[in-house]
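Engineer: Going letter by letter, the sequence shown gives residues 423 to 586 in the numbering used here.
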Amino acid sequence: MASLYDIAPQHRELAERLRSMGLDDDAVADTLEAESDLPGKVETYCIVLREKEADIEAFKREKERFEERIKASESAIKRMKLTLLAGLKAAGETKVKAGLFSVVVQKSKGSVLIEHPELIPKSYMTDPKPPAPQPDKNLIYAAIADGHKVPGAKVVPGERLAIR
């Protein structure tokens, strides 16, 4: 089957030819439906679009499922390391050769436990940068639709496909 770009001009040419023959709109529409490849190509596009939309939803569900599995595996790693550390300490060992691995209990720099965050001086606090202001397109659209002028913005006509 030809591409949509090939079919579209042929479809338009056929429609113009039929109209130039003096056929009414219903006759032109019926003939185009029967003779043009455009409806079939459009249907094929719509089928592929629906499949792609379904794929996206499935991918999102899989992404969530994999993120849960990643978190579960990360938690398991932490638990296993703590269990291994506790076991080595209970055995009084700080160094063990175990087949392919050498395990050593080492001192770390430690971590800070915040017991009472309200008591910590402000000089030890971080202030995250506030996000930069962003234009609110919905608010701007409503203002322009109400007849207000918004410097630096305008409403441009758009088109979208509605597939039922």
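For glycine and all other residues, C-beta sits at the position ideal for the given N, C-alpha and C.
Which ranges would you report for the alpha helix (DSSP H) in the stretch 447-525 if only whole runs of at least 4 residues count?
Structural biologist: Runs found: 447-457 and 460-513.
Engineer: Can you have a look at residue 458 and say buried or exposed, based on whether 16 or more other CB atoms are within 10 angstroms of its CB?
Structural biologist: To locate residue 458, count along the sequence shown from 1; it is residue 36. So residue 458 ends up on the buried side.
Engineer: State yes or no: is the C-beta of residue 527 within less than 8 Å of the C-beta of residue 507?
Structural biologist: Walking along the sequence shown from the start, residue 527 turns up at place 105. Walking along the sequence shown from the start, residue 507 turns up at place 85. Cβ distance < 8 Å, so residue 527 and residue 507 count as in contact.
Engineer: Do you know whose CA, among 515, 531 and 532, lies nearest residue 524's CA?
Structural biologist: As a working mapping, residue 524 is identified with position 102 in the sequence shown. Checked all of 515, 531 and 532; the closest Cα to residue 524 is 515.
Engineer: Beta carbon of residue 430, beta carbon of residue 460: below 8 Å?
Structural biologist: Sequence index remark: in the sequence shown, residue 430 carries index 8 (1-based). Sequence index remark: in the sequence shown, residue 460 carries index 38 (1-based). Contact flag set, yes.
Engineer: How would you write the range of the alpha helix (DSSP H) that residue 442 sits in, first residue to last?
Structural biologist: Looking up residue 442 in the sequence shown gives position 20. Residue 442: member of the alpha helix (DSSP H) spanning 426-442, first to last residue.
Engineer: Can you give me the Cβ contacts of residue 471 inside the same chain, cut-off strictly under 8 Å, excluding the 5 residues immediately before and after it?
Structural biologist: To locate residue 471, count along the sequence shown from 1; it is residue 49. The residues are 585.
Engineer: Going by DSSP, what residue range makes up the alpha helix (DSSP H) through residue 563?
Structural biologist: Position 141 of the sequence shown, counted from the first residue, corresponds to residue 563. Element bounds for residue 563: 559-567.
Engineer: Of all the options 539, 553 and 554, which has the alpha carbon lying nearest to the alpha carbon of residue 547?
Structural biologist: Indexing the sequence shown from 1 puts residue 547 at position 125. When each option's Cα is compared against that of residue 547, the closest is 539.
Engineer: According to DSSP, simplified to helix, strand and coil, what is residue 541?
Structural biologist: Taking the first residue of the sequence shown as 1, we reach residue 541 at position 119. Residue 541 falls in the helix class under three-state DSSP.
Engineer: Please return the same chain residues whose Cβ sits closer than 7 Å to the Cβ of residue 477, not counting the five positions on each side in sequence.
Structural biologist: In the sequence shown, the residue the question calls residue 477 occupies position 55. The answer is none, since no qualifying residue turns up.
Engineer: Out of 569, 542, 574 and 544, which has the shortest C-alpha to C-alpha gap to residue 557?
Structural biologist: The sequence position of residue 557 within the sequence shown is 135, counting from 1. Comparing Cα-Cα distances from residue 557 to each of 569, 542, 574 and 544, the minimum goes to 574.
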